[in-house]
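Going down the list, the protein sequences come from chains A and B.
Numbering-wise, the first sequence is residues 1 to 218 according to our numbering.
Numbering-wise, the second sequence is residues 1001 to 1062 according to our numbering.
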Amino acid sequence: MSTSTDRSWTVRLRNRAVGALPPEKLLPDGQPTYVASWIYVFGVLSLSALAMLILSGTILAIKGPTWWHVSSVGHFFNSIHLWSVELFFFFMVVHLWGKYWMAAWRGGRKRVWMTGAITFLVAVPCALTGYVSQQNFDSQWISTQAKDAMNSVGIGGFFNLMNFGQMYSWHILLLPVAVTGLVVAHVLLVRKHGVVPPFELEDRLKAARRGADAEAES
Amino acid sequence: MTLAIACPPMAAVFNLNHRAGYAHWHFFLMSVPNIIVIVLTMVVFAIAILAPFPGSHRADAP
């Protein structure tokens, strides 16, 4: 018999969340030996660069374009934001290449791979809207050139690179929320499914599983 | 108040105050800075794959 507590949406949500990601999986004591690879360091470096991006971007949003163009401290934070995004893409690409050649979608990890790959795709317009939000000749040049690309695929009507207000909104709210959400989902999915084992180990695990099944049948 | 810069910025080491050079060969056209970044990414990727990870020889839990 179900009680009123069982029907509560908070209890159901909690049970589902704990079932999918028990605390020992969410914050594990250790990782398999094959996780000791530089490729995962680049994943963590991507997270660090994203944190620096959000921090420096928040300061830039508070202070505004005049500050980041005129004052020395503004220049400093503008540079931090620029180099954070350069490094974010650099680290992400190395991590992505590594996971591609490891076929990281194996063993029911399709969503882990997809969230990572889509994060890269969503980060591209996030960076583009940032370049056109600089409020200088550079941003004017980029926006007038890139608008033709948007018009050629028919989205210039609602994604207008010449519209600073619209681009700024996309850059400081919509796209960062999407990137951050995807990154959080990616990390949680990695925790849920675990890091993909090397090909050799997976083959051995499959063979052991087949052997156990055959033994159970006989 | 202005913030004094104690050391010369990187731009002083590499003169960036000019148009980027371009590599052009038949249909291939790419700026030198883009080529440098792509080659650097490939080099770092190769190192990330080949370089031994510190402590990876230890027999930890599988």
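The C-beta atom is built at its ideal place from N, Cα and C for all residues, glycine as well.
Query, Result
"Note down, in chain order, every chain B residue with its Cβ under 9 Å from the Cβ of G98(A).", "F1045, A1048 and I1049"
"Between G1021(B) and the rest of its own chain, which residues show a CB-CB distance below 6 Å, the 5 nearest in sequence each way excluded?", "V1032"
"Going by Cα to Cα distance, which pick from L50(A), L174(A), V41(A) and L60(A) is closest to F1053(B)?", "V41(A)"
"Taking the alpha-carbon of G194(A) as reference, which of G211(A), G108(A) and I80(A) has the nearest alpha-carbon?", "G108(A)"
"Which residue or residues does DSSP assign as beta-bridge partners of Y1022(B)?", "S1031(B)"
"S37(A) touches chain B at which residues, Cβ-Cβ below 7 Å?", "F1053"
"CB-CB under 7 Å to R191(A), same chain, minus the five flanking residues each way: which ones, in chain order?", "L21, K25 and L26"
"Can you grab the Cα-Cα spacing for the pair A1051(B) / I62(A), in whole Å?", "42 Å"
"Using the three-state DSSP reduction, which class does L96(A) fall into: helix, strand or coil?", "helix"
"Determine whether the Cβ of A1061(B) lies closer than 8 Å to any Cβ atom of chain A.", "Low local confidence applies: a pLDDT of 47 at A1061(B) is under 50, so the model's placement there is unreliable, and no value is given."
"Which value, in whole angstroms, describes the spacing of the CA atoms of L1029(B) and A214(A)?", "59 Å"
"Chain B partners of V93(A), CB-CB under 9 Å?", "T1041 and F1045"
"Here's the rule: buried if 16 or more other CB atoms are within 10 angstroms of the residue's CB, otherwise exposed. What is P176(A)?", "buried"
"Alpha carbon to alpha carbon, how far is L50(A) from L173(A)? Give it in angstroms, no decimals.", "14 Å"
"Indicate the three-state DSSP secondary structure (helix, strand or coil) for S218(A) in the structure shown.", "coil"
"Are any of the Cβ atoms in chain B nearer than 8 Å to that of F42(A)?", "yes"
"Does the contact criterion of 3 or more C-beta pairs under 8 Å hold for the segment 202-210 of chain A versus the segment 131-142 of chain A?", "no"
"Within 10 angstroms of its Cβ, does L121(A) collect 16 or more other Cβ (buried), or is it exposed?", "exposed"
"Under 8 Å: do the segment 1037-1051 of chain B and the segment 91-100 of chain A share three or more Cβ pairs, one atom per stretch?", "yes"
"Establish whether the CB of R191(A) and some CB of chain B are separated by less than 8 Å.", "no"
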